[in-house]
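Comments concern the structure below.
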Amino acid sequence: MTGTPATSPAVTQAVLLAGGQGSRLRPYTDTRPKPMIEIPGTGIPIIGHQLAWLAAEGVTDAVISCGPLAEVLQEWLAGPAADLPLRVTTVVEREPLGRGGGLRYAAASLPRPQEPWYATNGDIWTRFSLREMAAFHIERAAVATLALARPRIPWGAVETDEFGHVVDFIESPPSPFLINAGVYVFSPEFTELLPERGDHERTTFPQLARERRLAGFPLPQGAYWRAIDTAKDLAEAAKELASQS
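Next up, the structure:
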């Protein structure tokens, strides 16, 4: 895959889910929503990195679905520090709708509902070609495509032979399983399949999988991906960023 075919329409709009509680990142999330936590050493919140990435991938309009402490995110977006590279709209969930309900609620504010759209969870920090993912989605005539990551297991693994002798120790090996990386491409008709409330991963995705209308795009070899769930994730992200610099 070398890029989006000329016949594939560009995806220029996206939804970001920023309404989570972030309970495992307290005390950081006592005063700000999780996507507003800064990656140490960058001075930029997670959502700032996401918006810059989306803009670099051709997105011109983004809708952010906010929850608790939405005003902190909205204030940052309105200030000079954001220096937004694209148009951003916020919607606020007055009560929790779940991830599927939050996606549907935010998608209603997309400027071009007849066109495909990207979506991402607000705690994901990654870099890969969204254009290639969109081309993959179109080639498979999928209604929804999810990015797939292979994270490293946080524990050391022990390798044994057939007699039970320990032969090696492997520090943080790659998982044998692919996981949902929290980044998506959706066709326009996907919005109507989302629940008003609840989790699309328990309802809409299984339905589409049974119908062979759900695709999985493995992240390219060497692509950076990390979910920011804990203080340890923040520290690891800062360390990885420093090593890349």
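In my numbering, the protein residues as written are 379 to 623.
No residue lacks a Cβ here, since even glycine has one placed at the ideal position from N, Cα and C.
With 16 other Cβ atoms within 10 Å as the buried cut-off, status of residue i
{"i": "Phe-514", "result": "buried"}
{"i": "Glu-471", "result": "buried"}
{"i": "Asp-461", "result": "exposed"}
{"i": "Phe-564", "result": "buried"}
{"i": "Ile-606", "result": "buried"}
{"i": "Ala-396", "result": "buried"}
{"i": "His-543", "result": "exposed"}
{"i": "Thr-538", "result": "exposed"}
{"i": "Thr-582", "result": "buried"}
{"i": "Ala-559", "result": "buried"}
{"i": "Gln-335", "result": "Because the chain here runs from 379 to 623, residue 335 falls outside it and cannot be looked at."}
{"i": "Pro-552", "result": "exposed"}
{"i": "Pro-441", "result": "For the record, residue 441 in the displayed sequence is Val; it is not Pro. Flag for Val-441 reads buried."}
Beta-bridge partners of residue i, as assigned by DSSP
{"i": "Val-561", "result": "Thr-498"}
{"i": "Arg-530", "result": "Pro-552"}
{"i": "Gln-391", "result": "Asp-439"}
{"i": "Ala-456", "result": "According to DSSP, Ala-456 bridges with nothing at all."}
{"i": "Phe-595", "result": "Ala-525"}
{"i": "Thr-468", "result": "Ile-442"}
{"i": "Arg-505", "result": "Tyr-602"}
{"i": "Glu-416", "result": "Pro-423"}
{"i": "Asp-546", "result": "Glu-537"}
{"i": "Ala-396", "result": "Cys-444"}
Any non-hydrogen atom of the ligand GTP closer than 7 Å to residue i Cβ
{"i": "Val-393", "result": "Annotation note on the ligand GTP: not contained in the displayed structure, which lists no ligands."}
Assumed close pair residue i, residue j - CB separation to whole angstroms, cut-off 8 Å
{"i": "Ile-557", "j": "Trp-503", "result": "The Cβ separation is near 15 Å, so there is no contact."}
{"i": "Ala-497", "j": "Leu-592", "result": "With 8 Å as the limit, Ala-497 and Leu-592 do not qualify as a contact, their Cβ atoms being about 14 Å apart."}
{"i": "Val-450", "j": "Pro-411", "result": "6 Å"}
{"i": "Gly-500", "j": "Leu-394", "result": "5 Å"}
{"i": "Pro-494", "j": "Pro-566", "result": "6 Å"}
Whole-angstrom distance between residue j and residue i, CA atom to CA atom
{"i": "Ala-430", "j": "Arg-465", "result": "11 Å"}
{"i": "Ser-550", "j": "Trp-533", "result": "5 Å"}
{"i": "Thr-390", "j": "Leu-488", "result": "10 Å"}
{"i": "Thr-382", "j": "Asp-439", "result": "Only weak support is given to the placement of Thr-382: the predicted model assigns it a pLDDT of 41, under 50, and the value that follows is read from those uncertain coordinates. Rounded to the nearest angstrom, the two C-alpha atoms are 19 Å apart."}
{"i": "Gly-478", "j": "Val-545", "result": "46 Å"}
{"i": "Pro-491", "j": "Ala-485", "result": "8 Å"}
{"i": "Glu-435", "j": "Phe-506", "result": "9 Å"}
{"i": "Arg-482", "j": "Glu-540", "result": "51 Å"}
{"i": "Val-561", "j": "Lys-617", "result": "23 Å"}
{"i": "Ile-417", "j": "Gln-452", "result": "19 Å"}
{"i": "Arg-518", "j": "Arg-590", "result": "10 Å"}
{"i": "Trp-454", "j": "Ala-615", "result": "22 Å"}
{"i": "Ala-388", "j": "Ile-548", "result": "42 Å"}
{"i": "His-578", "j": "Ala-448", "result": "23 Å"}
{"i": "Gly-632", "j": "Arg-588", "result": "Residue 632 falls outside the range modelled here, since the chain spans only 379 to 623, and no answer is possible."}
N- and C-terminal bounds of the alpha helix (DSSP H) containing residue i
{"i": "Phe-583", "result": "582-588"}
{"i": "Leu-429", "result": "424-434"}
{"i": "Arg-575", "result": "Note, Arg-575: premise wrong, no alpha helix (DSSP H); not H, not E."}
{"i": "Ala-486", "result": "Run containing Ala-486: none; DSSP gives neither H nor E here."}
First and last residue of the uninterrupted beta strand (DSSP E) at residue i
{"i": "Ala-605", "result": "602-605"}
{"i": "Ala-535", "result": "535-538"}
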